[in-house]
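Here the structure is laid out as structure tokens; the discussion comes afterwards.
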Amino acid sequence: MMQSAETMVFGQTQKGGPAAAMQSAATFNERAGLVAHRQATDAVSSEGVMVSETDIPGARIITESVGGQVLGQFVQPAPVHGGGGVVAAQNAITIGEALEATGRTSGDRPVDQSDAAAIQAAETRATGSSVTVPGGLAATAQSAATHNAATDRDEEKIKLNDVLWDAAGKLPADKVVTREDAEGVTSAEMRNNPTLSTNPAGVAASMVAAASLNEDVVP
1 MMQSAETMVF GQTQKGGPAA AMQSAATFNE RAGLVAHRQA TDAVSSEGVM
51 VSETDIPGAR IITESVGGQV LGQFVQPAPV HGGGGVVAAQ NAITIGEALE
101 ATGRTSGDRP VDQSDAAAIQ AAETRATGSS VTVPGGLAAT AQSAATHNAA
151 TDRDEEKIKL NDVLWDAAGK LPADKVVTRE DAEGVTSAEM RNNPTLSTNP
201 AGVAASMVAA ASLNEDVVP
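Numbering-wise (full-length UniProt numbering), the sequence shown opens with residue 1 and increments by one.
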């Protein structure tokens, strides 16, 4: 199912992607007699697999999930149609745009402390200042994380999209995402996550994807 979904979006299965990993695991489990050839888990049967696309300036972010759980993201340059046909996009992605992409791909997820730390690191790198802007993205994210930690009901928690919508417009300054920016944000997100990991579709993942694309489009 994931292979079919990837093929529909990308035109082929992504090497090293979730579909390839799932196929390898399925083959192993079938040979070991743990599952039947066409057997599916309850999560896949009820919620299925999904490959969604989020457009950002100059690129599109592909998010793959199974049973509601995000497995990975890919970034592809968005083609630009000109008089001579399709040419490669030359628009680099900024930190603000990458934050907005996170809001669109994981907007329904409540903000936690690792998100707040990643957003603060992103704001610091965008502005070039370690001073938290009053009422800015980092301050809003930290308030949201504090509120959510004291709130039991998910419907009453503040979501990522509540904080990150129009992120580029809320930043007092912005810049193109670099590999160093992505590494700094990833480090901040991991340090503030109890599992010392990053969210597959979180702030760090969007920064890494943007930095990877920018390396291809920025001379």
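Don't be surprised by glycine CBs; every beta carbon is placed ideally from N, CA and C.
With residue i and residue j assumed to form a contact (beta carbons below 8 Å), what rounded beta-carbon distance in angstroms separates them?
i	j	result
V203	I158	V203 to I158, Cβ: 15 Å. No contact.
A126	I95	4 Å
L137	A167	6 Å
T102	L164	6 Å
G128	A173	7 Å
V131	A139	No, V131 and A139 are not in contact; Cβ-Cβ is about 11 Å, not under 8 Å.
Q142	A116	5 Å
Could you pull the start and end residues of the alpha helix (DSSP H) that residue i belongs to?
i	result
N148	137 to 149
S206	203 to 217
G169	167 to 170
Let me check one thing: in DSSP terms, what residues is residue i bridge-paired to?
i	result
V176	T94
P110	K159
Short of 6 Å in beta carbon distance, which residues of its chain neighbour residue i, apart from the five on each side in sequence? Order them along the chain.
i	result
S114	E189, N192, N193
N161	G103, G107
A144	V111, I158, V163
A98	V177, S206, M207, A210
T151	K157
G135	none
Let me make sure I understand the geometry here. Which of the options has the alpha-carbon closest to that of residue i?
i	options	result
L171	G184, A122, E155, M207	A122
Only counting the same chain, and skipping five residues up and downstream in sequence, which positions put a Cβ closer than 7 Å to that of residue i?
i	result
G84	In this predicted model, G84 has a pLDDT of only 38, less than 50, meaning its place in the structure is not dependable enough to derive any value.
G184	A121, R125
K175	T94, I95, A126
T198	T186, E189, M190, A204, A205
T146	none
Looking only at its own chain, which residues have a Cβ that is under 8 Å from the Cβ of residue i, when we skip the five neighbours before and after it?
i	result
A25	Summary for A25: the model assigns pLDDT 49, below 50, so the residue's position carries little reliability; its value from the coordinates is reported in the next sentence. Nothing listed; no residue qualifies.
G148	Sequence inspection shows Asn at residue 148; the Gly mentioned does not correspond to that position. Closer than 8 Å at Cβ, skipping near neighbours: P110, V111, D112, K157, I158.
E215	R179
residue 242	An answer regarding residue 242 cannot be provided, because it is not within the stretch 1 to 219 covered by the chain.
L196	M190
E100	I56, L164, W165, D166, A167, A168
Taking 7 Å as the cut-off, is the beta-carbon of residue i closer than that to any non-hydrogen atom of the ligand SAM?
i	result
V208	The model on display carries no ligand, and the ligand SAM is accordingly not part of it.
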